[in-house]
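Enquirer: Structure in structure tokens, see below.
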Amino acid sequence: MTTTIVATVIVLGVLILVHELGHYFAAKWVGIEVQRFSIGLGPRVFGVRRGETEYVLSAVPLGGYVKMGGMGDEVMEKIEGGAEQARPPSERDFDAKPLWARAFVISAGVIMNMVFAFVTYSTVNAIWGEPELSSTRIGMVRESTLPPGTEALAEIPVGASVVRVGDRAVETWGDLTRALAEMPAGSVYVETVEPALRVLVRLPAGEAARVALVGSLADWVDAGVGAVEPGSPADRADLRAGDRVLAVDGELVASWGDFVDRIRARPEQRVELLVEREGERSLATLTPEATTEVDAETGEERTIGRVGIYNPVGETAYRRVGAVEALRLGVRETVGATSLIVGFLAQLITGGISPRTLGSIVTIGEVSGQAAEAGIEVFLNFMAFFSVNLAVLNLLPIPVLDGGHLVFLSIEAVRGRALSVEQRLRWSNVGLLIVVGIMLLALSNDFRRFFDF
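Take the sequence shown: its letter number 320 is residue 517 in my numbering, and every next letter is one higher.
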């Protein structure tokens, strides 16, 4: 419990500070008066004044704000715990600055969160290296996407471990994929153990063919539970991280891929799982939710089942990388996190994912604690991911969020004049109701999950 509380305070405190520092420094840079810099919302608990700015800690630790002169946002004043005192207009007011300057100040919090994520991901890769699976065990060979000349790889049975590609010994999954991607074109033997096998393949010359070759192989993952999505069918069936699925409807499952295939084939159908937990076996009954996806090969939309289980992460090894490679990996992971979060939001809006998957500060606390217990590098990566999450959510076009303010500025750019204070207040009230409603929904999801109903 102590670890969870401390980890949550660190995650929220650091990321809110980073976000608000973005607004603060941007406002100072373009010459806007900063009246108050607050970590937390609501009434002031503690504060000091330095120059024109009051730096405060406020009562509600669910956000922060930078109060700028002349911004004229009465809704935020209510949230912040006090209205701006009447004063004559100034050239240092927010509304007195050109459109580009105001857009930059509003966007700066999101930019800082993305920069923080990139720097953190890059730092983790530079210090620990790039994580990769320490196993070369084959989980699946997708025969339909193998390039010409490599069809013999389909002879490798599921569960076999690759030990050599040509003259290159491979010990990790990264070694295997790099060998297949980088070795000169031509004929090589691929050797496995358990069972011992030696197949001859002809490595293609083109980059696209190499990408297809690497993508045709999937690593072995046990049919275990790495994490459970809050509010999902798996959560409601009381499945937990560390469980192992032995059978689906009485049929034994060999691997994670086998388990996923069984679940995907049973949308909205009652399924019985044989689960092992700490040496004890039990039955769990659930109904996979129906969701749609586009078939990568045919382009057709199809309905599949989903239960909200994330696959376990196998044992990892770290490959040392240089500074340039660490920065490249930082970019890749930041972009990947952004795509993942945007995709989740898109599915949530279109109904592909249930709103019951939303979690509140309770879920954030649980995940923060789990990440902290897993190690400092895992905790830092979680902070980077959550920083991207904070950035993306702040860009939603909801008044009172940064994205809503950018919408107001976009309207001003198109029509040539700003919305009136009354119009902004009206829409901001709507936005506040939306945000509060989402927070209450997330809290109710955690409440239902906690009390199991």
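Positions of the beta carbon are idealized from the N, C-alpha and C atoms, including for glycine.
Using 7 angstroms as the threshold, is the C-beta distance between G502 and I460 below it?
Expert: yes
Enquirer: For S429 and V504, which I take to be in contact (beta-carbon distance under 8 angstroms), what is that distance rounded to the nearest angstrom?
Expert: Right, their Cβ atoms sit about 6 angstroms apart.
Enquirer: Below 8 angstroms CB to CB, which residues in the same chain sit around R474 once its five sequence neighbours on both sides are set aside?
Expert: R437, G439, D440 and R441
Enquirer: Among A298, T200, R529 and L238, which residue has its Cα nearest to the Cα of F582?
Expert: R529
Enquirer: What does DSSP give as the partner residues of A415 in its beta bridges?
Expert: M337
Enquirer: If you count every other CB in all the chains shown that lies within 10 Å of the CB of Y262, and 16 or more means buried, which is it?
Expert: buried
Enquirer: On the three-state DSSP scale, how would you describe V422?
Expert: V422 falls in the coil class under three-state DSSP.
Enquirer: How is Q466 classed by DSSP in three states: helix, strand or coil?
Expert: coil
Enquirer: Any beta carbon from chain C within less than 7 angstroms of Y386's own beta carbon?
Expert: Protein chain content of the structure displayed is limited to a single chain, and chain C is not contained in it.
Enquirer: Is it buried or exposed, D446, if we count other Cβ atoms within 10 angstroms and call 16 or more buried?
Expert: exposed
Enquirer: Check for me: the alpha helix (DSSP H) holding R525 runs from which residue to which?
Expert: Residue range A520 to T547 is occupied by the alpha helix (DSSP H) that includes R525.
Enquirer: Can you tell me whether L629 is helix, strand or coil according to DSSP?
Expert: helix
Enquirer: With a threshold of 8 angstroms, are at least 3 pairs of Cβ atoms found where one atom belongs to the region 399–419 and the other to the region 370–382?
Expert: yes
Enquirer: Using the Cβ count rule (16 or more neighbours within 10 Å means buried), how would you classify A651?
Expert: The structure shown does not extend to residue 651, since the chain is modelled only from 198 to 650, so the question has no answer here.
Enquirer: Please report the residue range of the alpha helix (DSSP H) in which K264 lies.
Expert: Counting along the chain, K264 falls outside any alpha helix (DSSP H), though it belongs to the beta strand (DSSP E) covering T250 to M265.
Enquirer: Below 6 angstroms CB to CB, which residues in the same chain sit around G278 once its five sequence neighbours on both sides are set aside?
Expert: Caution applies to G278, whose pLDDT of 45 falls short of 50 and renders its modelled position unreliable; the value that the coordinates give is listed next. Answer for G278: G239 and P240, listed in chain order.
Enquirer: Go to L296, then tell me how far its alpha helix (DSSP H) extends in each direction, as first and last residue.
Expert: L296 to W325
Enquirer: Just list the residues that DSSP pairs T513 with in beta bridges.
Expert: In the DSSP assignment, T513 is bridged to L330.
Enquirer: Buried or exposed: which applies to Y507, given that a residue is buried once 16 or more other Cβ atoms fall within 10 Å of its Cβ?
Expert: exposed
Enquirer: Report, in whole angstroms, the separation of the C-beta atoms of W370 and D416, which I expect to be a contact under 8 angstroms.
Expert: 5 angstroms
Enquirer: Identify which residue in V539, R478, G423 and A434 has its Cα closest to the Cα of A444.
Expert: Closest option to A444, Cα to Cα, is R478.
Enquirer: Roughly how many angstroms lie between the CA atoms of M636 and S557, to the nearest whole one?
Expert: Rounded to whole angstroms, M636 to S557 spans 7 angstroms at the Cα level.
Enquirer: Bridge partners of F234, per DSSP?
Expert: By DSSP's assignment, F234 forms a beta bridge with Y252 and V263.
Enquirer: If I measure Cβ to Cβ from R361 and keep anything under 8 angstroms in the same chain, skipping five residues before and after, which residues do I get?
Expert: V367, Y386, V387 and E388
Enquirer: Which residues in the same chain have their Cβ closer than 6 angstroms to the Cβ of T205, if we skip the five residues on either side of it in sequence?
Expert: G562 and S565
Enquirer: Nearest by alpha-carbon distance to G346: which of G356, P401, G326 and L606 is it?
Expert: P401
Enquirer: With DSSP collapsed to three states, give me the class of L209.
Expert: In the three-state scheme derived from DSSP, where H, G and I count as helix and E and B as strand, L209 is classed as helix.
Enquirer: Taking Cβ positions, are T200 and A569 nearer each other than 7 angstroms?
Expert: yes
Enquirer: Does the beta-carbon distance from V359 to T333 come in below 7 angstroms?
Expert: In contact: V359 and T333 (Cβ atoms closer than 7 angstroms).
Enquirer: Using 8 angstroms as the cut-off, can you tell me whether the region 594–613 makes contact with the region 527–546, which would need three or more C-beta pairs spanning the two stretches below that distance?
Expert: no
Enquirer: Give the DSSP bridge partners of T488, in chain order.
Expert: Partner(s): I501.
Enquirer: Which complete alpha helix (DSSP H) runs does the region 354–405 hold, if anything under 4 residues is left out?
Expert: 370–379
Enquirer: Quick one: give me the first and last residue of the beta strand (DSSP E) that T482 is part of.
Expert: E477 to L483
Enquirer: Per DSSP, what kind of secondary structure is R437 in: helix, strand or coil?
Expert: Here DSSP, grouped into helix, strand and coil, assigns R437 to coil.
Enquirer: Between the alpha carbons of H602 and F579, how many angstroms are there, rounded?
Expert: 28 angstroms
Enquirer: In three-state DSSP terms, what is G572?
Expert: coil
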